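Written out below as structure tokens is the structure these notes cover.
Residue numbers (our numbering): 4 to 131.
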């Protein structure tokens, strides 16, 4: 569910957030690096990130939050992204996965499991 105090449709709110940020990002880019259009590969990459990694994924995330009764279970799914990223980076890009990445993943998994354990324990203690 969208924030309880907000009566704005989440998709409209998401769109407004991106539109509001665009002038600030553009101004920052212009003041620091200068503004120039990228080549076709750079533009295609930016469009991909904008549409799929920022737009579509947020819409799917919002829909999942709307359809669930327990948002904490959906919220924990975000911790799967480092696993997926490492697999994709290793097999598609060919980048080596360092021991520090495995350690970081181990800490993430331990935290999620600890949280799930506490949630499960708290559910048992709540009288019906």
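Ideal Cβ placement from N, Cα and C applies to all residues, glycine included. Quick caveat, the model's predicted, so the values are computed rather than measured.
query	result
Between residue 13 and residue 63, is the Cβ-Cβ spacing less than 7 Å?	no
Under three-state DSSP, which class holds residue 115?	helix
I'd like to know if the stretch 81–91 and the stretch 100–115 are in contact, where contact means that at least 3 CB-CB pairs between them fall below 8 Å.	yes
Which residue comes first and which comes last in the alpha helix (DSSP H) that contains residue 18?	13–35
What whole-angstrom Cβ distance do residue 68 and residue 60 have, given they're in contact under 8 Å?	Residue 68 to residue 60, Cβ: 13 Å. No contact.
Pull up the distance between the alpha-carbon of residue 120 and that of residue 101, whole angstroms please.	29 Å
Hey, how far is the Cα of residue 16 from the Cα of residue 24?	12 Å
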